[in-house]
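Data block below; observations after.
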Amino acid sequence: MKPNRRPLIAGNWKMNLNSSTAEKLAIEVAAQADKFDLDILLCPPSIYLERVGKAINTSTIHLGAQDCHGNPNGAHTGDISPPMLRDVGCEYTIVGHSERRADHVETNQIVAAKAESAWAAGITSIICVGETDDERSSGAALNSVSAQIHSSVPDGADAKNTVIAYEPIWAIGSGKTPTTTEVAQMHGAIRGFLKQLVGEKSAQGIRIIYGGSLKANNARPLMALADVDGGLIGGASLTALEFIAIAESCL
Ligand code: 13P
Numbered sequence: 019m020k021p022n023r024r025p026l027i028a029g030n031w032k033m034n035l036n037s038s039t040a041e042k043l044a045i046e047v048a049a050q051a052d053k054f055d056l057d058i059l060l061c062p063p064s065i066y067l068e069r070v071g072k073a074i075n076t077s078t079i080h081l082g083a084q085d086c087h088g089n090p091n092g093a094h095t096g097d098i099s100p101p102m103l104r105d106v107g108c109e110y111t112i113v114g115h116s117e118r119r120a121d122h123v124e125t126n127q128i129v130a131a132k133a134e135s136a137w138a139a140g141i142t143s144i145i146c147v148g149e150t151d152d153e154r155s156s157g158a159a160l161n162s163v164s165a166q167i168h169s170s171v172p173d174g175a176d177a178k179n180t181v182i183a184y185e186p187i188w189a190i191g192s193g194k195t196p197t198t199t200e201v202a203q204m205h206g207a208i209r210g211f212l213k214q215l216v217g218e219k220s221a222q223g224i225r226i227i228y229g230g231s232l233k234a235n236n237a238r239p240l241m242a243l244a245d246v247d248g249g250l251i252g253g254a255s256l257t258a259l260e261f262i263a264i265a266e267s268c269l
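Quick note on this note's numbering: the sequence shown kicks off at 19 and runs consecutively.
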């Protein structure tokens, strides 16, 4: 696929499953994952991280969280810090998912603080951006995503500490996806915004993955696009067969 960027296929399980179904799904994915020459990542609910981590321990799969706090410790009831995530084996964390931006009023500044806090614990941040339906239909999608990238991606982002996930909000869980032309245009634009922010070399190394109603039957043409370096998958990551089929479409 892309010469210098290893594809990343990430499952965001969101607030689904229970301890035994999460473990079962992880074991099913792990049984098949090693045959792929790409990074496979599972992001279970935080309460199941340890159990899923144990289930994938002997496989090549990576473990990630769905969110983290912007501080390493302190009086933040109910929150989980990056050092705690690292302690249970996380190598990645999603930050700034649109569901968190909406449900928890997370601003770009909060997202940037979370991303940096994750870096400090040695965790790669998957920073999510994406436009609303209204922004897309009024022609404001590029401006919206540009603003999010410029304010959510901290200085110092590079190929090792950062992944960008482009997730148009209207495509999440809706069964609708942008056309390949729209995705190619947005991913190319994001690469350009990253160049402005972190320079050509780092920008070329940062993976930009697509998310939003990604399924086995629509993934292949999207994954083949020049600036698409993998996928962030919600609903379809809850079935091992479907998730693995999406991974296959990257090869
Ligand atoms: P769906 O794949 O269910 O549309 O969710 C995408 C998403 O939000 C992944 O983070």
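The C-beta atom is built at its ideal place from N, Cα and C for all residues, glycine as well.
As computed with DSSP, S255 is found in no beta bridge at all. DSSP, reduced to helix, strand and coil, places S99 outside both helices and strands of the structure shown, so it counts as coil. Within the same chain, Cβ atoms closer than 6 Å to the Cβ of P100 are found at C86, S135, A136, A139, I141, the five residues on either side in sequence being excluded. Taking 3 residues as the shortest admissible run, the region 135-170 contains the following complete beta strand (DSSP E) segments, listed from N- to C-terminal end: 142-147.
Here H122 is exposed. Its C-beta has fewer than 16 other C-beta atoms within 10 Å. V171 and L67 have their C-alpha atoms spaced approximately 25 Å apart. Proximity to the ligand 13P was defined by a C-beta distance below 6 Å to any of its heavy atoms, and the residues meeting it, in sequence along the chain, are N30, H115, E185, I190, G191, G229, G230, S231, L232, L250, I251, G252, G253, A254. In the structure shown, G229 falls within a strand segment according to DSSP collapsed to helix, strand and coil. For H80 against I65, the beta-carbon gap comes to about 19 Å, at or over 8 Å, which does not count as contact. Taking the CA atoms as reference points, Y228 sits about 18 Å from N179. Distance between E153 and A242, taken at the CA atoms: about 26 Å. Taking one beta carbon from each stretch, the region 176-194 and the region 211-231 have 3 or more pairs nearer than 8 Å; the two touch.
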